[in-house]
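In mature numbering (1 follows the signal peptide of the UniProt record, and there is no 0), the protein residues as written are -25 to -1, 1 to 114.
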Amino acid sequence: MRAITTFTALGALLPFALALGPASAQSRPDPMRAAATQAARPSLSDPMVALRAPTEQPADGVAASAEFGGLPDAPGAEETYYQCVACHSTEIIKQQRITDARWDDLWGWMVEQQGMVEPEPEIRAAILGYLKTHFSSER
Ligand code: HEC
C-alpha cells in the first residue's frame, strides 16, 4: 500500500521534473561556453584587450620590463612582480599615482583584508621603495 502511494506520487511529479529539467538547463548560462566563445572570436571592442596590450614607456621614463609584466625595469621590479601577481595583474599597480602614505595603507589593506602573505622585511622594503619610486604622486 505504501509502495503504491510512493509510486503514484512519483508518477505525478515525473512530468514536472521532465518539463523543468531541460528548460532550466537551457536558460542557465554556461560560464565555460562564454569563455570559449570569447577566446574564439577576439574582438577589438573587447574591453580587456587594452589591459592585455603590451605597455609602452611608462611615465617615469624607465623602460618597461617584459619579463615582469611591464613594470618599470629597476631594482625591486622582480620582487614586486612575484609578490603582487599572485592575485592580480601588474596593470592595477601601473595605473597608480599615489602618495607614500597611501602605499603604506594599501600594503596593510592587502595583508589584512586580502590575505596577502607578508614577505621578509627586506623584501617588503624593496617592494614598497619600488612602488613609492615609480608609482608616486609625490615625485
Ligand atoms: C592576496 C591577494 C593580493 C595580493 C598578493 C596583492 N593584492 Fe592588490 N588587491 C587585491 C584585491 C582583492 C584587490 C581589489 C581588486 C578589486 O577592487 O577588484 C587589490 C587591489 C589593489 C590595488 C587597487 C587599490 C584601489 O585603490 O582600488 C592596488 C594598487 C594593489 N592591489 C596593489 C598591490 C600591490 C602593489 C601588491 C603587491 C605588493 C598587491 N596588490 C598584492 C589582492 C591582492
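We treat Cβ as the ideally placed atom computed from N, Cα and C, and that holds for glycine.
Item                                                                    : Value
Pair within 9 Å by beta-carbon distance, THR65 and LEU81                : no
Assigned exposure category for GLY90 - 16 Cβ within 10 Å defines buried : exposed
Backbone secondary structure at PRO96 - three-state DSSP                : helix
Endpoints, alpha helix (DSSP H) assigned at ASP48                       : No alpha helix (DSSP H) contains ASP48, which DSSP labels as neither H nor E.
Local conformation of ALA39 per DSSP, three classes                     : strand
Opposing strand residues paired with ILE73 [DSSP bridges]               : SER111
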